[in-house]
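See below for the structure under consideration.
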Amino acid sequence: MFDYIFGLPMHVLVVHAVVVLVPLAAVVALAFAVLPRWRAMLRWPTAIGAVLSAAAAWVAAQSGEALLVRVSQVRSATTDFDLVRTHTDAGYRVRLVATVFMVVALAASWLLTPTVRDAVGGRPFQIVVAVLLVAAALALIVTVVLAGHAGSAAVWSGLG
Numbered sequence: 003m004f005d006y007i008f009g010l011p012m013h014v015l016v017v018h019a020v021v022v023l024v025p026l027a028a029v030v031a032l033a034f035a036v037l038p039r040w041r042a043m044l045r046w047p048t049a050i051g052a053v054l055s056a057a058a059a060w061v062a063a064q065s066g067e068a069l070l071v072r073v074s075q076v077r078s079a080t081t082d083f084d085l086v087r088t089h090t091d092a093g094y095r096v097r098l099v100a101t102v103f104m105v106v107a108l109a110a111s112w113l114l115t116p117t118v119r120d121a122v123g124g125r126p127f128q129i130v131v132a133v134l135l136v137a138a139a140l141a142l143i144v145t146v147v148l149a150g151h152a153g154s155a156a157v158w159s160g161l162g
């Protein structure tokens with residue numbers, strides 16, 4: 003199911019969605035967290051972006067496993083599997099962090115309000131939720147960059 007799309011490896015296609023969508027969703031979530039006056043406008047983009055990011059991360063991980071099986075059958079003697087293993091581990095971390103980000107972003111979308119008088123739990127609670135969202139968004143950006151770097155190193159090592 004997660005092997006090919008129109009004859010091309012699905013992982014290669016889905017990874018591009020992860021590389022573009024996930025940082026974009028994280029930046030929107032950062033704006034949602036730190037700019038209360040924008041919260042009404044960014045509530046739905048934050049929630050939808052978080053769900054799409056997690057879904058893309060899960061599909062990328064599943065399609066990566068399918069691609070790994072194919073590559074290991076064809077190129078076992080010529081492939082540096084230490085680099086592939088590093089990328090695989092990083093991909094699993096992206097999937098985990100994207101899932102945590104989704105949960106935090108959905109909770110923040112529900113709990114954070116544009117004004118303190120409308121706030122659930124008052125200002126200190128709003129600050130804690132916003133800080134958690136910022137931490138989750140930054141962690142997601144970092145893990146995607148590290149996984150992408152590990153993937154490019156696995157693909158392009160020895161070609162330069």
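Residue numbers (my numbering): 3 to 162.
Glycine included, C-beta positions come from ideal geometry on N, C-alpha and C.
Simplified DSSP state of residue i, which is helix, strand or coil
i	result
P11	strand
Residue i classed as buried or exposed, judged by whether at least 16 other C-beta atoms fall within 10 angstroms
i	result
H151	exposed
L161	Low confidence applies to L161: its pLDDT is 49, below 50, so where it sits in the model is not reliable, and the reading given next is rough at best. Under this definition L161 is an exposed residue.
H18	exposed
M12	buried
G9	exposed
Cβ-Cβ separation, residue j to residue i (assumed contact under 8 Å), whole Å
i	j	result
A62	V16	5 Å
V131	A110	5 Å
V53	L44	Actually they are not in contact, since the Cβ atoms of V53 and L44 sit about 15 Å apart, beyond 8 Å.
S65	A27	With 8 Å as the limit, S65 and A27 do not qualify as a contact, their Cβ atoms being about 19 Å apart.
Minimum Cβ-Cβ distance from residue i to chain C less than 8 Å
i	result
F8	Absent here is chain C; the protein component of the structure consists of one chain.
Next item on the list: Kindly confirm or deny that the region 93-101 and the region 28-43 touch, where touching means at least three C-beta pairs closer than 8 Å.
Entry: At 8 Å Cβ cutoff, the stretches do not touch.
Next item on the list: Write down every uninterrupted run of the alpha helix (DSSP H) in the region 25-93 whose length is 4 residues or greater and which is fully enclosed by it, in chain order.
Entry: 41-76
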